[in-house]
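Asks: Numbering (my numbering), first residue to last: -9 to 175.
Have a look at this one.
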Amino acid sequence: MKKKGLSTKDVVAIGIGAAVFLILFKFVAIPTGIPNTQVNVAQSWLSLISILFSPMVGFFVAILGHSLNDAISYGSVWWSWVIADGCYAFIFALLVKRARLLKGSLNFWKIAWFNISQLIANLIAWLLIAPTLDIVIYAEPANKVYLQGGLSVIVNVISTGIIGTTLLSLYLKNKGQQTLLRKED
């Protein structure tokens, strides 16, 4: 019988994943010219973590990493986007689960499934969830938040398409190689 909940491995992955996500989010970002919207490689990392572990691990990595970044960078957390980031990871991981991306080598169909899945998850997170929550929670102007959301979809799809596919490819190429680390008796 499989135990429900997060395993120790999942909790460690959340901690390390959120720390890497925070560092990438804070220090490896390119401004777009639209306020509070940037090209960010952290989403590519989030996509890989979501594939390697589970939708829940991806969700918590996004929630922790994004909220810590907001708190450190801005002094407060913009919850609508934090929640949207978590939803992106969760939705994306559910969509790619059927493709069995980690089995065998990377091929055209797996790359296509990866990118169609991240497109769908980005559309839901950044054109539906984030702007709607911005309007409901913060009474932000609709035209502003939908512009930010639309731009986020574009830059996230492009950056995750390039960087995320590359990370997945590198992971699959290296996963079968032997390690120099040995368990001591």
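For glycine and all other residues, C-beta sits at the position ideal for the given N, C-alpha and C.
Is residue 116 near residue 74, with beta carbons less than 8 Å apart?
Replies: Here the question's residue 116 lines up with position 126 in the sequence shown. Here the question's residue 74 lines up with position 84 in the sequence shown. Contact: yes.
Asks: Give the straight-line distance between the Cα atoms of residue 150 and residue 127, rounded to the nearest whole angstrom.
Replies: As a position in the sequence shown, residue 150 is number 160, starting the count at 1. As a position in the sequence shown, residue 127 is number 137, starting the count at 1. In a straight line, the C-alpha of residue 150 is about 28 Å away from that of residue 127.
Asks: Exposed or buried, residue 55, counting other C-beta atoms within 10 Å across all chains shown (16 or more means buried)?
Replies: Counting from one through the sequence shown, the residue named residue 55 turns up at place 65. Buried, since its Cβ has 16 or more Cβ neighbours within 10 Å.
Asks: Which residue spans inside the stretch -6 to 38 form an unbroken beta strand (DSSP E) run of at least 3?
Replies: 19 to 21 and 28 to 30
Asks: In angstroms, rounded to a whole number, what distance separates the CA positions of residue 235 and residue 147?
Replies: This structure does not reach residue 235, given that the chain is present from -9 up to 175, and the question cannot be answered.
Asks: Considering just the uninterrupted stretch of the alpha helix (DSSP H) at residue 82, what are its terminal residues?
Replies: The residue you call residue 82 lines up with position 92 of the sequence shown. The continuous alpha helix (DSSP H) containing residue 82 extends over residues 69 to 87.
Asks: Rounded to a whole number of angstroms, what is the C-alpha to C-alpha distance between residue 8 and residue 50?
Replies: Position 18 of the sequence shown, counted from the first residue, corresponds to residue 8. Position 60 of the sequence shown, counted from the first residue, corresponds to residue 50. Taking the straight line joining both Cα atoms gives about 8 Å.
Asks: Alpha carbon to alpha carbon, how far is residue 46 from residue 40?
Replies: Residue 46 sits at position 56 when you count from the first residue of the sequence shown. Residue 40 sits at position 50 when you count from the first residue of the sequence shown. Cα to Cα, the separation comes out at about 8 Å.
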